[in-house]
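Offset between the sequence shown (1-based) and the numbering used here: plus 106.
Ideal placement from N, C-alpha and C gives every residue a C-beta, glycine not left out.
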Amino acid sequence: MRLFRHRMPSDEELTKEAKSAASVICIASGKGGTGKSILATNIAYLRAKGGQRVLLVDFDAGMANAHLLLGVVPKYDLGHVMLGEVPAQVALAEGPCGMKLLSGGVGRHALVSPTRRQLDRLFRALHPLEDDFDLVIIDHGAGMGYATVAHLAATSTLLLVSNPEVTALSDGYALYKRANMVNPEIKVGMVMNRCASEVEATNAWDRFRGASQRFLGHAPQYIGWVPADASVSRSIARRQPVTQMDPSSPAAHAIEGVSRWAPIDFARTHRPFYDRARSALR
Ligand SMILES: Nc1ncnc2c1ncn2[C@@H]1O[C@H](COP(=O)(O)OP(=O)(O)O)[C@@H](O)[C@H]1O
Ligand SMILES: [Mg+2]
């Protein structure tokens, strides 16, 4: 046995190893209302439909709405897990195509402003989930509270969502800058959501890239743009992802493109995500 200690692992072993922990991506923006939850729920749905075991964690804690967008009524949420009332596996609700949702809870004070100790406990409780899924998508609230910053420090991959408005771009830039400060290796992809036209999207992206390059010396990767589309509002009213309800609509078509962004499949770090997130709290 010893003789083989340094041999190269076989393809099969490599695949096994790669499959042992989930890819983890964070979806964030500086400003609220840019479309993070729309993208998170639709990407989760599409990936689950494609056969992956997908977990969506709604970390807009205390003001969660992913369950509404998915038509799910969760019995438990992150608050129950944080307080040790149920194990994380028990707190999962089932969404379309077998995807799982861990809801953020609505109006729960403990979740709105958790202490570092509480967050550490939560991250520890979430850790085992990494082995049960192929992909974990973490949907964040607006801003840069330390829960979000801990996630940014831990993740290999971030999907940054903005609108073409100058306020959204400016807040998005602040988040991008912060993410790179706490995590110089982070891979960031940008989606310009709710654009009236490709020209508007391209202009907004050019401005963002220009400012990033000039002040930071680097910029995110441009994943693409999603049109402003009334089918999104209709899908919210129906409590179904737009990619499920109206897959041929322009928004659904564009979101499908975003969901195929290749770095999502390689969103892994050497150490488990929730280990890194716990370290980032210290
Ligand atoms: N592509 C789009 N077209 C039309 N409306 C959109 C689009 N994306 C988002 N919206 C609207 O913006 C609102 C906020 O989106 P949401 O994903 O909840 O934002 P966030 O999670 O970033 O706060 C949604 O309720 C929806 O009405
Ligand atoms: Mg949201």
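Query, Result
"Pairwise C-alpha distance: aspartate 245 and aspartate 183", "14 Å"
"Contact belief for leucine 162 with valine 297 at Cβ below 8 Å, rounded distance in angstroms", "The pair is not a contact, with the Cβ atoms about 17 Å apart (cut-off 8 Å)."
"Pair within 8 Å by beta-carbon distance, alanine 336 and valine 348", "no"
"Beta strand (DSSP E) segment containing histidine 246, residue limits", "241-246"
"Whole-Å CB distance - lysine 137 paired with aspartate 277, under 8 Å assumed", "4 Å"
"Cβ neighbour criterion (16 or more within 10 Å) applied to arginine 222", "exposed"
"Aspartate 245 Cβ short of 7 Å to ligand 2 heavy atom set", "yes"
"Three-state secondary structure assigned by DSSP to asparagine 309", "helix"
"Strand pairing of alanine 134, partner residues [DSSP]", "Leu266"
"Glycine 249 versus serine 355 - alpha carbon distance", "30 Å"
"Pairwise C-alpha distance: threonine 375 and histidine 257", "13 Å"
"CB of leucine 232 within 8 Å of CB of alanine 199, strictly", "no"
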